[in-house]
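Going from the sequence shown to the working numbering is simple: count from 1 and add 1.
The structure appears right after this line, and notes come after that.
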Amino acid sequence: MNPHADQTGPAARGADGRAPQARALARTAIAAGALLITLVAVAGTAAGTAVNSLPGAPDGVKASRGETGTVAQVAWTAAPAGAGVTSYRVWRAEGDGDFAPIAAVSAPSYTDRIGVPGASYRYQVTACAANGGESLPSAVTDTLTVEWSISPHYGVKTGQGATSYCRVCHLPHSADT
């Protein structure tokens, strides 16, 4: 028996042989991150409520090696105005492992500074809407292997031959190191 078929014959009657007071046809569909539910009242009255739709998954997600001291720069195409997207959630997986959220950002980019040299990471992004809905994940980026130096010396200031300590690695440096 097709649950979506219009049932009006004897099989649709109750145990007492009477026709039901109202019939409804329900169909659902999922496409492009949106759930569509269609209910049709055949007789009687019907009440309904609006269903909030989910934003589409972000497009064009790319991960590239970041500057010294960062794991990766992750960027994607911003959602169009009026799409209801208020923020994005960045997800990361090490190697072939499971994805876990690492950041929530409002701009369509994220600089990942938390990682391990030599480790391989993959990224994906979801779009978050004001109504609390979250899109399906974006396509997964290519695997990126972290290869930065552990010596990102910045902010070292010396004068008159003095030695200062680096704010990053806490080792002493002279003006030319």
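Glycine residues also receive a C-beta, built at the ideal position from the N, C-alpha and C atoms.
Keep in mind the model is a prediction, meaning the values are calculated, not measured.
Just confirm the distance between the C-beta atoms of threonine 146 and lysine 63, as a whole number of angstroms; I'd bet it's less than 8 Å.
-> Taking the first residue of the sequence shown as position 1, residue 146 is located at position 145. Taking the first residue of the sequence shown as position 1, residue 63 is located at position 62. The Cβ separation is near 15 Å, so there is no contact.
Looking at C-alpha atoms only, which residue of Ile115, Val126 and Ala128 is the closest neighbour of glutamate 68?
-> Here residue 68 is taken as the residue at index 67 of the sequence shown, counted from 1. In terms of Cα proximity to glutamate 68, the closest of Ile115, Val126 and Ala128 is Ile115.
Reference valine 72, options Thr112, Val86 and Leu137, closest by Cα | Taking the sequence shown and counting its residues from 1, the one referred to as residue 72 is at position 71. Answer by Cα proximity: Thr112.
Among Asn132, Val117 and Ser110, nearest to glycine 61 - alpha-carbon criterion = Residue numbering aside, residue 61 sits at position 60 when the sequence shown is read from its first letter. Residue nearest to glycine 61 within the set Asn132, Val117 and Ser110 is Ser110 (criterion: CA-CA distance).
Taking serine 65 as the reference, give the member of Tyr89, Trp77 and Gly57 with the closest Cα.
-> Counted from its first residue, the sequence shown places residue 65 at position 64. Nearest to serine 65 by C-alpha distance, out of Tyr89, Trp77 and Gly57, is Trp77.
7 Å CB neighbourhood of serine 107 in its chain, flanking five on each side removed = Sequence index remark: in the sequence shown, residue 107 carries index 106 (1-based). Answer for serine 107: Ser88, listed in chain order.
Complete runs of the beta strand (DSSP E) confined to the stretch 72 to 108 [at least 3 residues] = Here the runs fully enclosed are 73 to 76, 86 to 95 and 101 to 106.
Cβ-based neighbour list, alanine 179, same chain, cut-off 6 Å, excluding 5 preceding and 5 following | Outside the modelled stretch of the chain, which goes from 2 to 178, sits residue 179, for which no answer is possible.
From which residue to which residue does the beta strand (DSSP E) around arginine 114 run?
-> For the purposes of this step, residue 114 is identified with residue 113 of the sequence shown, where counting begins at 1. No residue range can be given for arginine 114, since it is assigned to no beta strand (DSSP E) and is classified by DSSP as neither H nor E.
Please list, in chain order, all residues of the same chain as alanine 104 whose beta carbon is under 7 Å from its beta carbon, the five residues on each side excluded.
-> Here residue 104 refers to the residue found at position 103 of the sequence shown. If we look at alanine 104 and ignore the five residues flanking it on each side, its Cβ neighbours are Val91 and Tyr111.
Three-state secondary structure (DSSP) at leucine 145?
-> Locating residue 145 in the sequence shown gives position 144, counting from the first residue. Strand.
Residues bridged to glutamate 68 [DSSP beta-bridge criterion] | Against the sequence shown, residue 68 aligns to sequence position 67. For glutamate 68, which the question treats as bridged, DSSP gives no partner whatsoever.
Segment limits, beta strand (DSSP E) that includes serine 121 | Counting from 1 along the sequence shown, the entry for residue 121 is found at position 120. Following the DSSP letters along the chain, one finds serine 121 inside the beta strand (DSSP E) bounded by residues 121 to 130.
Buried/exposed call for glycine 133, threshold 16 Cβ in 10 Å | Taking the first residue of the sequence shown as position 1, residue 133 is located at position 132. So glycine 133 ends up on the exposed side.
Status (buried if at least 16 other CB within 10 Å, exposed otherwise) for alanine 128 | For the purposes of this step, residue 128 is taken as residue 127 along the sequence shown, with counting starting at 1. Answer is buried; the Cβ neighbour count reaches 16.
Hey, out of Leu55, Ala131 and Pro118, whose CA is closest to glutamate 95's CA?
-> By 1-based counting over the sequence shown, the position of residue 95 is 94. It is Pro118 whose Cα lies nearest to the Cα of glutamate 95.
Proximity winner among Ala130, Val126, Ala120 and Ala131, relative to threonine 144 (alpha-carbon distances) | Working through the sequence shown from its first residue, we reach residue 144 at position 143. The residue with the shortest Cα to Cα distance from threonine 144 is Ala120.
Residue burial classification, proline 81 (beta-carbon count within 10 angstroms, cutoff 16) = Counting from one through the sequence shown, the residue named residue 81 turns up at place 80. It counts as exposed.
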